[in-house]
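Counting from 20, one number per residue, gives the positions in the sequence shown under UniProt numbering.
Just so you know, even glycine gets a beta-carbon here, dropped at the ideal spot from N, CA and C.
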Amino acid sequence: MLLTACRLSKALQLTLAVIKPDAVAHPLMLEALHQIILDNQFVIVRRKDVVWRRQESEKFYAEHSGRFFYQRLVEYMSSGPMRAYILAREDAIGHWRELMGPTKVFRARYTSPTSLRAQFGLTDTRNTTHGSDSVESARREMTFFFPDFRPEEWMEREEPSFRSGRMLY
Ligand code: UDP
């Protein structure tokens, strides 16, 4: 059982975070990323290790179909185990994206040297982590990885304890 306590005043938000295959392949990196999630007051709502078939990778990234990096991305995301999380906290989407840093690793190293992608990323494709970029994509992506998860029901059930200042997992 995961135990996290947080005290927050603003709106509770959910996001989908993924540790991509290059990071999962290195146990110390995986552990470091997990610890960063905890250190940033995210509540871990769900966690799952998955291996995608190519078809799932193509579907998840369908919006990039036709882009120059699409085939490379699809192959990479179905190349080995990944770890997916549903995370909750105030401004979860923006906060996780800020922690990740820019998409392109080499840009991240110049503009956000302490970001996850700058520190752990290998290339623009093998950039360590994924995070939803909007409320709409968070809903779609959470359902993609956790088909039985109902964000609205979870919010309704959990927001009162979040607002009261104590949320326990
Ligand atoms: N990607 C890539 N080359 C690029 C841009 C993106 O290989 O020039 C890959 C990278 O793994 C990225 C993913 O495609 O994380 C999805 O791209 P998106 O623009 O949605 O970036 P993100 O939201 O992940 O920052």
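query: Secondary structure of residue 5, DSSP reduced to three states; result: Summary: the structure shown does not reach residue 5, with the chain confined to residues 20 through 188, and so no result is reported for it.
query: Straight-line Cα distance separating residue 172 from residue 106; result: 15 Å
query: Environment of residue 183 [buried if 16+ CB atoms lie within 10 Å]; result: exposed
query: Contacts around residue 178, its chain only, beta-carbon distance under 6 Å, and the 5 residues preceding and following it disregarded; result: 31
query: heavy atom of the ligand UDP below 7 Å from residue 88 C-beta; result: yes
query: Contact test: residue 106 Cβ vs the ligand UDP heavy atom, cutoff 7 Å; result: no
query: Per-residue DSSP class, three states only, for residue 108; result: strand
query: Residue 122 Cβ short of 7 Å to the ligand UDP heavy atom set; result: yes
query: Residue 165, buried or exposed, once every other Cβ within 10 Å from all chains shown has been counted against 16; result: buried
query: For residue 70, three-class secondary structure by DSSP; result: coil
query: Minimum C-alpha distance to residue 53 - residue among 71, 115, 141; result: 115
query: Beta-carbon gap between residue 124 and residue 140 smaller than 8 Å; result: yes
query: Own chain, CB closer than 6 Å to residue 68, minus 5 neighbours either side, in chain order; result: 100, 102
query: Residue 96 beta carbon less than 8 Å from that of residue 46; result: no
query: Buried versus exposed call for residue 160 [16 or more other C-beta atoms within 10 Å across all chains shown]; result: buried
query: Helix, strand or coil at residue 36 according to DSSP, with G and I counted as helix; result: strand
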